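Visitor: In the UniProt record's numbering, the protein residues as written are 1 to 453.
(1) Evaluate the contact criterion for the stretch 225-245 versus the stretch 184-195: three or more CB pairs, one atom per stretch, below 8 Å.
(2) Can you list, in chain order, the residues of its chain whose CB lies under 7 Å from that of residue 160, leaving out five sequence neighbours each side?
(3) Going along the chain, which residues of its own chain have a beta-carbon closer than 6 Å to the beta-carbon of residue 127, five neighbours each way excluded?
(4) Among residues of its own chain, excluding the 5 on either side of residue 422, which ones have a beta-carbon nearer than 6 Å to its beta-carbon?
(5) Which parts of the stretch 162-220 are runs of the alpha helix (DSSP H), unbroken and 4 residues or longer, counting only runs that do not cross its ends?
(6) Can you find a heavy atom of the ligand HEM that lies under 7 Å from the Cβ of residue 275?
(7) What is the residue span of the alpha helix (DSSP H) that residue 297 lies within?
(8) Suppose you measure from the CA of residue 370 to the CA of residue 395; what does that come to, to the nearest Å?
(9) Taking C-alpha atoms, which residue in 174, 150, 185 lies nearest to residue 165?
(10) At which residues does the alpha helix (DSSP H) containing residue 347 begin and terminate?
(11) Would DSSP call residue 241 helix, strand or coil?
(12) Whole angstroms is fine: what's the gap from residue 319's alpha carbon to residue 278's?
(13) What does residue 133 pair with, by DSSP beta-bridge criteria?
(14) Just the Cα atoms here: how many angstroms apart are residue 322 and residue 250?
(15) If we ignore side chains and look at the alpha-carbon of each, how far apart do residue 44 and residue 26 end up?
(16) So for residue 293, helix, strand or coil by DSSP?
(17) CB residue 464 to CB residue 273, shorter than 8 Å?
(18) Checking 8 Å against the spacing of the C-beta atoms, do residue 197 and residue 294 come in under that value?
(19) Between residue 284 and residue 67, what straight-line distance do the alpha-carbon atoms span, to the nearest angstrom?
(20) What's the gap between the Cα of residue 265 and the Cα of residue 65?
(21) Whose CA, out of 393, 299, 232, 21, lies closest to the CA of residue 344?
(22) I need the boundaries of the alpha helix (DSSP H) containing residue 311, first residue and last residue.
(23) Considering only residues of the same chain and omitting the five flanking positions on each side of residue 180, which have a CB-CB separation below 8 Å?
(24) Counting along the chain, where does the alpha helix (DSSP H) carrying residue 333 start and finish?
(25) Could you compute how far the alpha carbon of residue 219 sits from the alpha carbon of residue 169?
(26) Considering just the uninterrupted stretch of the alpha helix (DSSP H) at residue 224, what are its terminal residues?
(27) Going by beta-carbon coordinates alone, are residue 142 and residue 199 separated by less than 8 Å?
(28) With DSSP as the reference, label residue 257 as helix, strand or coil.
(29) In the DSSP assignment, find the unbroken alpha helix (DSSP H) run with residue 248 in it and report its ends.
(30) Look at the alpha carbon of residue 149 and the alpha carbon of residue 242, and state the distance between them as a whole number of angstroms.
(31) Does the Cβ of residue 207 have 16 or more other Cβ atoms within 10 Å, making it buried, or fewer, making it exposed?
(32) How long is the line joining the alpha carbons of residue 221 and residue 162, rounded to whole angstroms?
(33) Who are the Cβ neighbours of residue 262 in its own chain at under 6 Å, not counting the five residues just before and after it?
(34) What residues in its chain sit with their C-beta under 6 Å from that of residue 236, if we drop five residues either side in the sequence?
(35) Inspect the beta-carbon positions of residue 282 and residue 337 and report whether they are closer than 8 Å.
(36) When DSSP builds the beta bridges, which residues end up paired with residue 283?
Here it is, written out as structure tokens:
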């Protein structure tokens, strides 16, 4: 037909190629311009890469149950942690409540006493009792106490002699039984301040700055500070005992790591026997070693029956050999309601003994000299006299800058002298005759030996 058309219309023969070209251009435009019309299946595979959807993993009923159990366990752990934190916060509040009650009782009694006495008076004007215990075979122990200035009463307990004026029903409880027994027997007749000490004046655990001697320690003791605080540990060196020393219900790992602390003897049962429902502290900490001063107000803020309960516990304690150790870190809680009481060494020396270093660096310099003095004895060739001499010179230099005189040997009598109370002490001991002071052996004295067993 096309050929016949061109034959009949010879003038239109040149339009064929042009029409063909136009048709091709229109087709090209049609496929290059995006359109909303649906693409064919073929077009999809020409311009996109099909993504295969992941196959669903098959989970067994057992696996589903394990997942549910794990979720429940995680939720239970979170709940337990939340309960533990809530209990801890509640326990802290209860501890604070107990501490506040004891402080309030102490403050009330102290304020009553303040009306009768001027708190700014000289410290030695406050009456003082010194309490200690010893064995019958060591009559010379404690004789040094007669040299303490302005002592109103000396109470000497013979722990293994039931015929002595002051004694224990049984030789148990170490020094703790002596201290508690004295309080029970003198509860209504206490001096302003009572100091509880060991029988020997020289010991490693006494204050190094005071020559590790209880005589200058008691002579310099600021009795007004004890009156204001209620309780004062006579030892200023923090170790051993501070910080975080005794942990209740410690696990086997902690007990093994700190075997010297006898942590296995500190239990919830022990606490309940002594303090009933009072919440036990997270830690018990204060400087060792059961030598302290207490005001009569702090003692009387505690019911007498409480001391009777503690005394009975000491006599029937299954851990008798550790009884003194157990009470060693309980005194600050008993009198103040505080689990931890670890004042700085500088504060202790300054407020407790009027020995005030200008700053911490000066005290650290003194402590370093002490360490050098100790280490000089263990040099590879024996005593390192150069280090020892330098250390002792540094200590003397710093001691000379402190107020007053520390005194050594015969100079003790000149330490903190006062005529405020010239009366001699009333000595409560079986033999009131003076005894020659015992020369303490060098090194560590075993306090337990004075109490037998």
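Think of the CB as a built atom: it goes at the ideal place given N, C-alpha and C, for glycine as much as any other residue. These figures come from a predicted structure and were not determined experimentally.
Guide: The relevant details are as follows:
(1) yes
(2) 135, 136, 171, 452
(3) 152, 191, 192
(4) In this prediction, residue 422 has a pLDDT of 38, which is less than 50 and means its spatial position is unreliable; what the coordinates show is noted afterwards. The answer is none, since no qualifying residue turns up.
(5) 174-186, 214-220
(6) Of the ligands one can find in the structure shown there are none, so the ligand HEM has no counterpart to examine.
(7) 296-300
(8) 7 Å
(9) 185
(10) 345-353
(11) coil
(12) 22 Å
(13) 157
(14) 17 Å
(15) At residue 44 the pLDDT is 45, less than 50, meaning the model places this residue with poor confidence; the figure from the coordinates comes in the next sentence. Each residue's Cα considered, the two are about 23 Å apart.
(16) strand
(17) Here the chain comprises residues numbered 1 to 453, so residue 464 is not present and cannot be evaluated.
(18) no
(19) 43 Å
(20) 45 Å
(21) 232
(22) 304-315
(23) 173, 307, 310, 311, 314
(24) 331-336
(25) 32 Å
(26) 223-229
(27) yes
(28) helix
(29) Element bounds for residue 248: n/a, residue is neither H nor E.
(30) 31 Å
(31) buried
(32) 33 Å
(33) 322, 325
(34) 207, 345, 348, 349
(35) no
(36) 247
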